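Engineer: Below you'll find the structure I mean.
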Amino acid sequence: GGDGGLDPEVLAAGERAPAIDPDDARVSGFQPPSITAGGLSAFAFRTIELFAATLLVIVTGRLMEPAGRGLYALASLTMSLLLLPLGAVWVGNVVELVRRRVPMREVLGGSLVIAAVGGVATGLVALAVAPLLGDQWWVVAFPAAVTPFVLLLKYEEGFYTGLGHVRAVNLVRVARVVLPLAFIAPPLLAGASPRTAIAIWTLSFVVLPVLILVPLRSLAGGPRLPSDRRFYRRVVTYGGKISGLNAVDTLNDRVGLLALAVFASDAAVGIFSIAIAAAQVLLVAPQALALSAFRRIGISSAEPSAALTARAVRHSILLTAAGSLVAIPV
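Next comes the structure, spelled out in structure tokens:
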């Protein structure tokens with residue numbers, strides 16, 4: 020969630036252009052599940068994701084102590100901030116798929132180029148800022164060094180979302196929590212410093228997109244550079260329009276981390292970051308529903324899309340309200 024939702028241009032594409040190119044034999048047999056089945060599947064996976072995320076909070080909170088947890092939270096926030104300039108390009112990719120302007124393998128190839136070039140450029144800017152943090156330069160430098168891979172992971176998840184491949188997106192999101200946990204827990208249990216543990220944790224964001232690229236390549240075909248060079252301008256411009264909304268969403272509850280980092284201690288950042296993590300519990304069910312409804316909204320004509328969007332919003336409000344009544348006493 021949080022990447023601008025469903026844009027009117029995606030909705031306007033209507034049924035003239037299915038998200039999956041029927042000429043591609045590799046995916047012509049793929050049938051997205053119904054919204055109910057997809058939502059239930061997504062919720063089940065989100066429950067697993069929630070359990071793993073809770074375990075990650077416990078491991079980092081207990082083994083790193085509040086100060087170390089604070090540094091970990093700032094490194095995670097840096098990852099999110101590095102995604103802002105080009106992370107929403109995945110929505111532009113979905114538009115290209117829906118309108119069938121560019122074959123899937125060319126969308127994939129173009130995404131690799133944008134992740135590499137844009138990721139290196141964004142990472143270099145962050146690396147230039149890192150020395151200003153003094154001894155804690157690595158909190159920004161470590162995430163900056165893997166920015167191309169973080170962008171690629173976002174594009175891969177978006178690719179599956181645009182295809183309506185709910186199960187694949189769920190697996191990606193679960194892996195996005197489980198793999199970092201598997202990377203950071205062993206060094207912490209071995210008594211490593213927060214700096215060493217966070218460096219190893221950062222490597223999980225290199226391994227995961229490489230692993231995902233293998234099945235995605237089988238689904239979409241071998242990546243190929245777009246023959247239409249205007250593709251890059253379209254998707255980057257489209258993603259840029261959504262980046263402002265993403266910035267608000269990213270910083271909405273995390274701006275407190277920045278304030279505490281400047282005016283308080285690393286320990287205060289760590290304690291507040293755990294409170295933020297607890298609040299994310301309420302988003303599990305609405306995000307599962309949004310994932311399931313995404314493709315159906317995107318490929319339908321304007322009127323059914325608007326009606327389904329309104330229904331999804333109503334159900335999300337209901338699920339969030341019900342979830343809060345359960346989460347607060349717990």
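Numbered according to this note's numbering, the sequence shown spans residues 20 to 349.
We treat Cβ as the ideally placed atom computed from N, Cα and C, and that holds for glycine.
Quick caveat, the model's predicted, so the values are computed rather than measured.
#1: Do Leu-279 and Val-267 have their C-beta atoms closer together than 8 Å?
#2: Whose CA, out of Gln-155, Leu-270, Ala-326, lies closest to the CA of Leu-101?
#3: In this structure, does DSSP put Met-123 in helix, strand or coil?
#4: Do you know how far the Cα of Leu-182 is from the Cα of Ile-231?
#5: Going by beta carbon distance, what residues of the same chain come within less than 8 Å of Phe-147, once the five residues before and after it are set aside?
#6: Using 10 angstroms around the beta-carbon of Asp-22, count the other beta-carbons present and answer buried if the total reaches 16, otherwise exposed.
#7: Less than 6 Å between C-beta atoms, sequence neighbours within five positions excluded: which residues of the same chain meet that for Val-196?
#8: Expressed to the nearest angstrom, what Euclidean distance is found between the alpha-carbon atoms of Arg-118 and Gly-111?
#9: In or out: Asp-154 buried (at least 16 other Cβ within 10 Å) or exposed?
#10: Is the beta carbon of Gly-342 closer than 8 Å to that of Leu-301?
#11: Evaluate contact between the stretch 92–99 and the stretch 150–170, counting only Cβ atoms and requiring at least three cross-stretch pairs below 8 Å.
#12: Hey, how far is the Cα of Ala-136 from the Cα of Pro-167?
#13: My guess is that Gly-235 and Phe-178 are in contact by the Cβ rule of under 8 Å, so how many angstroms apart are they, rounded?
Structural biologist: Checking against the coordinates, here is how it stands:
#1: No, Cβ-Cβ distance for Leu-279 and Val-267 is not below 8 Å.
#2: When each option's Cα is compared against that of Leu-101, the closest is Leu-270.
#3: Helix.
#4: Distance between the alpha carbons of Ile-231 and Leu-182 is about 15 Å.
#5: A small fix is needed here, since residue 147 is Ala in this sequence, not Phe. Counting only Cβ-Cβ distances below 8 Å, and skipping sequence neighbours, we find nothing.
#6: Low confidence applies to Asp-22: its pLDDT is 40, below 50, so where it sits in the model is not reliable enough to give any reading.
#7: Hits under 6 Å: Glu-68, Ala-71, Ala-72.
#8: Between the alpha carbons of Arg-118 and Gly-111 lies a gap of roughly 11 Å.
#9: With a threshold of 16 other beta carbon atoms within 10 Å, Asp-154 falls short and is exposed.
#10: Between Leu-301 and Gly-342, the C-beta gap is smaller than 8 Å, which places the two residues in contact.
#11: Per the Cβ contact rule, the stretch 92–99 is in contact with the stretch 150–170 (3 or more Cβ pairs under 8 Å).
#12: Correcting the residue type first, residue 136 is Val in the shown sequence and not Ala. Spanning the two alpha carbons is a distance of roughly 8 Å.
#13: Note on identity: in this sequence residue 235 is Leu, with Gly being the wrong assignment. Indeed, because the Cβ distance is near 6 Å, the residues count as touching under 8 Å.
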